[in-house]
Amino acid sequence: MSFDLKIVRGDISIGKGGSIDVVTGNSKLRQDIIKIMLTRLGENKYHPTYGSETGALQIGSVLDAEMMELDLSSSAEQAVRKIMSLQRSQAKRQFLSPSEIILDIVGVSVQRDAIDPRLYNIFISVLTEKLDNITENVTVRIS
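Residue numbers (my numbering): 1 to 143.
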């Protein structure tokens, strides 16, 4: 089983005894999805192919709402497929539990926020090897 450091509101979580909290299973998978979606592609200089272009628009480009939603959906799906690829590589060297391995992408949908039109909510639903359906919501700001 693999693990990751537990992140709460952008900070590493510290337990009551002063130890660093870790996250495993479905919770790790949820955190992995959020982490890759909020990391800009190329932002990690040691892993330049890790991240997502979600919400990264070229300066001067103007997209209508439908094209914007298609771009966000496509970028989110590519990011989840990257996680799946990384999991296959990791599984060659380390045991991964069925609850943290993505078997398939069930769906990706995008909705514009009703209150702030600069915000888009991306709903990502995946099926794990344990046959759990995991749904995560990531909100991105387009400026």
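The beta carbon of each residue, even a glycine, is placed where N, CA and C say it ideally should be.
Pairwise C-alpha distance: residue j and residue i
i      : j      : result
Ile124 : Val108 : 5 Å
Asn137 : Gln78  : 16 Å
Met68  : Thr39  : 19 Å
Ala65  : Pro117 : 10 Å
Thr139 : Thr54  : 10 Å
Met1   : Thr24  : Below a pLDDT of 50, predicted positions are generally treated as unreliable, and Met1, at 49, falls in that range; no measurement from the model is reported.
Ser97  : Asp71  : 32 Å
Ser73  : Lys16  : 39 Å
Glu43  : Gln87  : 20 Å
Ile134 : Gly18  : 30 Å
Val106 : Asp11  : 30 Å
Glu100 : Arg93  : 15 Å
8 Å contact criterion, which residue i and residue j should meet: CB distance rounded
i      : j      : result
Ser13  : Ile36  : That belief does not hold up - the Cβ atoms of Ser13 and Ile36 are roughly 19 Å apart, past 8 Å.
Asp113 : Asn121 : 6 Å
Val80  : Val126 : 6 Å
According to DSSP, residues forming a beta bridge with residue i
i      : result
Ser52  : Arg40
Phe123 : Ser109 and Asn137
Val22  : Leu5
Ile12  : Ile7
Ile102 : Thr128
Residue closest to residue i, alpha-carbon to alpha-carbon, out of the options
i      : options                           : result
Leu5   : Asp11, Val22 and Gly15            : Val22
Tyr50  : Ile115, Thr128, Lys28 and Asp32   : Asp32
Ile115 : Ile102, Glu129, Arg141 and Glu100 : Arg141
Ser75  : Lys45, Leu41, Asn26 and Ala91     : Leu41
Arg9   : Arg88, Ile34, Lys82 and Lys16     : Ile34
Ala91  : Glu129, Ile20 and Ser73           : Glu129
Met84  : Ile102, Ser73 and Leu70           : Ile102
His47  : Ile20, Asn26, Lys28 and Lys82     : Lys82
Arg30  : Phe95, Ile7 and Arg93             : Ile7
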